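With the first letter of the sequence shown counted as 1, position 482 gets the number 482 in full-length UniProt numbering; the numbers rise by one all the way through. First up is the structure itself, then whatever we jot down about it.
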Amino acid sequence: MTDRGDTAGGRDRAVTVQIGAVILFGFLIVALSTYQAAVVPDQNAEVEFLHNQEVQTDMLHLSNSISAAGRVGESAPTSVALGTRYPSRTLFVNPPPASGRLATNRSVGDAALENVTVLAPGGSVDDEAADYWDSGVAFDTAVLTYEPRYNAHRDAPTTRYESGVLFNEFPSGATLNLSGQRLVDGDRITLVVIEGNLSASGVTTASVDPTAVSVVTRRERVKGTMNVTVPSTRGPAAWRGEELLDVDDNPFVEDVTPGASPGTVTIHLNDSRTYSLGVAVVSVGSGTAADADPDPAYVAVERAPTTVSNGTTREVFVEVRDRFGNPVEGTTVTAETNGSGTFAATSLATDADGLAVFEYTPGDTGEEELRFSYDGLGGFDATTAADANVTVAVNGGAGGAGDAGGGGNPNPSDSVVLVDSYRKQSDGSVAVLELENRGETTVDADQVRINFYAATGGNNPTEAELTTAAESPTLDIGGPFQNATIEFTPNTTRYVCYNFDNTLDQDEFFVSTYEFSDSSSEQYFVGLNRQESATCDVDAGGGDGGGGGDGGGGGGATPSIAFRLDDLSHADQSRVEYVGSYAVTNTNASFDRVEVVYENTDSPSASQTLQKAGTRGGLTYTSTFGAGDSYDVTVRVVYDDGAGGEYVAASRTVGDLADAANPAGNDDLSTGTTASLSSSTVEDRSNNGQGPRYRFDYSASAGDYQQTRLVVVSTGNGGKLSVTRTQRTGSNVDLDGTYGFNEPFTVAILVYGPDGAVVDARILTDTADGTGP
């Protein structure tokens with residue numbers, strides 16, 4: 001018999017099944033290989049891409065934390081996900097987990113400041129601070145870099161934090177900013193020096209806790225042909241562009257050029273501007289350099305009287321700062337005088353604001369030098385940074401009977417006392433004496449002379465017109481008494497002005513003697529070591545102080561004042577900004593100007609007087625410190641008295657707290673011809689990853705118009721943003737901040753008329769949380 005299963009056909013069918021199985025297995029292998037070679041890398045590339053987006057957000061949070069540490073000394077630890085792991089696969093093979101490296105690089109050029117001129121509170125050059133800053137300063141700093149080490153995402157960027165800018169640098173060389181620059185913000189310069197050494201790599205999460213080494217709690221007001229040099233892997237062209245400094249439309253920056261050291265750029269600032277300078281030091285990682293410690297670097301007399309009456313006690317504020325210009329706490333300052341004056345304590349430690357407040361009581365009349373040092377007084381030299389001095393003029397007033405020294409008349413306690421003196425801010429040839437009648441009855445000055453003038457050389461003055469006196473006499477230096485009628489009412493301070501025939505110098509002084517209607521006489525030593533804004537008093541026709549009458553005094557009805565005060569102060573930076581808008585009506589031909597006096601009643605050195613010649617206008621006041629302080633803002637209408645002098649014809653005072661909230665009772669300064677805010681919308685687009693973000697749409701109506709200003713300012717621990725537009729309409733105008741999510745903000749839209757007065761506004765309060773307002 002024949003076995004059918006062993007036929008050729010049967011064998012062929014078995015071979016066919018085997019071949020089919022092999023082919024199917026081959027297809028499976030090819031498919032799996034294709035998946036492993038193409039799909040798995042694509043999926044892993046997506047994982048790496050998503051991780052890279054996450055790490056960029058982490059780096060943005062880290063840059064914000066570094067900035068906050070430098071500004072206010074507070075920051076939060078920030079986590080940076082260095083790498084990522086791929087999803088597990090049963091049949092396929094993953095490469096090793098994607099890693100990354102976060103590190104500081106200290107092999108970069110120094111940050112440097114050149115040609116810095118520091119200003120004193122009155123606006124004159126701060127000679128003591130100049131002992132340190134004038135020669136230029138340089139700071140060793142670092143940049144922070146995150147470099148990914150991916151297996152599939154080949155075009156992933158390196159993320160860099162350099163000189164306040166966070167950006168991506170791609171393998172092609174292209175760059176993309178992740179934040180705006182924070183180095184030059186309008187008139188504010190903020191340089192953050194990075195200290196410490198950080199190096200972390202792998203797949204895990206790195207925790208970075210920026211620590212403030214030196215905090216910008218006070219800023220210096222500076223000017224000059226300033227240059228700011230910072231490390232940068234990008235050239236000047238990137239910094240000139242619209243996304244960073246926007247040099248073409250930036251009134252504060254002249255140009256950006258390559259720095260003297262490789263890998264740096266130099267920013268040339270507009271030398272016609274005044275700036276607010278702050279330098280902070282923040283440490284990341286470990287190993288902060290010894291020269292970054294906030295040790296004392298210079299001492300300055302922050303505030304001192306120009307003139308002191310014998311027997312009175314006045315405070316002298318001395319401030320110690322570190323090499324970055326920030327206050328130093330706990331430094332011992334010693335004090336002495338070159339005369340008979342005394343200090344209540346000759347050695348004091350600086351407080352948290354870097355201040356040592358000495359109580360000084362003068363002795364003999366004349367000039368006395370006050371000396372201060374944190375390095376010992378044995379080898380005192382006022383030209384060194386560790387030593388500072390100030391000269392005061394000592395008068396005989398208020399000290400009671402007895403020998404006042406130098407042969408001068410002793411002033412009884414109820415005499416007319418010189419409480420202060422200085423050069424007038426707007427006219428350097430005018431000396432201003434603040435004379436106060438501390439008696440109980442009115443007394444008139446009858447005659448005045450200038451005994452002598454201590455000049456420094458050059459074009460020395462020879463005479464002065466006493467413009468406050470009714471007669472406006474010309475007093476020859478060393479000449480005889482002249483008739484000079486000035487009325488002094490009880491407990492009132494008069495601003496008595498001498499208009500000299502040459503410009504006065506800060507190191508000069510003079511002596512003037514007054515004879516009064518009660519047969520008493522006083523001799524005043526008048527110091528001139530600073531400039532202040534002041535309005536000179538005028539006694540027209542017998543000392544009535546009003547300047548009225550039928551001739552040059554103006555006469556007529558009292559001018560009317562309408563006033564609006566917009567408070568845009570920034571609590572987080574302690575910066576004050578007020579926009580004072582006014583409209584004066586019912587004036588006559590004697591009108592000269594309007595002055596707006598911004599008086600900080602808590603910190604008098606922050607006070608300032610601004611002026612304009614028109615009866616309508618706006619005057620903006622700014623200060624680098626004083627947010628939260630109380631202010632008295634006074635509008636004064638100044639008239640020409642027709643006899644070469646002037647007087648205040650009307651005034652109005654508004655009290656306010658510098659807190660970004662307008663005072664009650666603002667007047668409406670719009671007219672029938674000015675533009676108004678016809679429509680506006682504000683959208684809160686803030687999110688936790690990007691910070692406060694507000695979008696504006698607005699439209700100003702037809703009519704007289706200058707500009708619209710959009711402002712977002714935090715009343716808590718957030719930032720401040722502002723843009724001014726001359727267009728009457730705006731759509732999708734974005735103000736995007738870097739810090740302050742979930743913080744309270746004031747949001748303002750201000751419409752300005754052609755004279756600079758705010759004629760319409762919309763003011764909102766909002767929490768930057770992505771909802772509302």
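Ideal placement from N, C-alpha and C gives every residue a C-beta, glycine not left out. Since we're looking at a predicted model, the values are computed, not measured.
By the neighbour-count definition (other C-beta atoms within 10 Å, threshold 16), SER472 is a buried residue. When secondary structure is reduced to three states using DSSP, ASP246 falls in the coil class, being assigned neither helix nor strand.
For HIS570, the secondary structure class from DSSP, reduced to helix, strand or coil, is strand. For HIS268, the enclosing beta strand (DSSP E) begins and ends at 264-269. Across the structure, ASP381 and ALA356 are spaced so that their CA atoms are roughly 20 Å apart. The Cβ atoms of GLY70 and VAL192 sit closer than 9 Å to each other. Sequence-distant Cβ neighbours of THR729 in its own chain, meaning closer than 8 Å and more than five residues away, are TYR698, SER699, ALA700. Secondary structure note for PHE49: its alpha helix (DSSP H) is the uninterrupted segment 40-72. The alpha-carbon of LYS223 is positioned some 30 Å away from that of ALA335. For ARG685, same chain residues with a beta-carbon under 6 Å away, outside a window of 5 residues either side, are ARG693, ARG695 in chain order.
Comparing alpha-carbon positions, the option among ASP632, THR337, PRO296, PRO604 lying closest to ALA386 turns out to be PRO296.
By the criterion of a C-beta distance shorter than 7 Å, LEU565 is surrounded in its chain by TYR578, GLY580, VAL633, VAL654, ASP656, ASN662, PRO663, ASN666, once the five residues flanking it on both sides are discounted.
Taking all protein chains shown into account, GLN523 has 16 or more neighbouring C-beta atoms within 10 Å of its C-beta and is therefore buried.
Taking C-alpha positions only, TYR360 is separated from ASN310 by approximately 11 Å.
Per DSSP, reduced to three states, the secondary structure at THR175 is strand.
Remark: C-beta atoms of ASN451 and THR513 approach each other more closely than 9 Å. At the C-beta level, ALA120 and ARG530 come within 9 Å of one another. In this structure, ALA393 sits away from SER429, with a CB-CB distance that is not shorter than 9 Å. When the beta-carbon positions are compared, SER714 and ASP572 come within less than 9 Å of each other. Here the alpha carbon of ARG725 sits roughly 20 Å from the alpha carbon of ARG188.
Rounded to the nearest angstrom, the gap between the Cα atoms of ASP766 and THR493 is 45 Å. Taking a contact to require three or more Cβ pairs closer than 8 Å, the segment 77-85 and the segment 127-140 do not qualify as touching. Residue pairing of THR190 in beta bridges, as defined by DSSP: GLY278. In this structure GLY354 is in contact with ARG321, their Cβ atoms being roughly 6 Å apart against a cut-off of 8 Å. The beta carbon of GLY617 lies closer than 8 Å to those of SER581, TYR582, VAL594, ASP755, GLY756, ALA757 in the same chain, with the five residues before and after it left out. Secondary structure at GLN727: coil, using DSSP grouped into helix, strand and coil. For GLY626, the closest C-alpha among the options THR601, VAL638, TYR647, MET59 is that of THR601. Minimum Cα-Cα distance from THR620 among the listed residues TYR598, TYR631, GLY439, ASP736 corresponds to TYR598. Selection THR384, GLU48, ILE66 evaluated against VAL208 yields ILE66 as nearest (Cα-Cα). Straight-line spacing of the CA atoms in ALA76 and LEU62 works out to 9 Å. Annotated three-state conformation of ALA748 is strand, per DSSP.
Here the C-alpha atom of GLY287 lies approximately 14 Å from the C-alpha atom of VAL281. A contact between stretches requires three or more CB pairs, one per stretch, nearer than 8 Å, and the segment 177-187 fails this requirement with the segment 29-45. In the three-state reduction of the DSSP assignment, TYR582 falls in the strand class.
Between the segment 254-264 and the segment 211-218 there are fewer than three C-beta pairs closer than 8 Å, too few to call the two in contact. Within the same chain, PRO296, VAL320, THR350, TYR374 come within 6 Å of THR331 by CB-CB distance, once the 5 residues on both sides are set aside.
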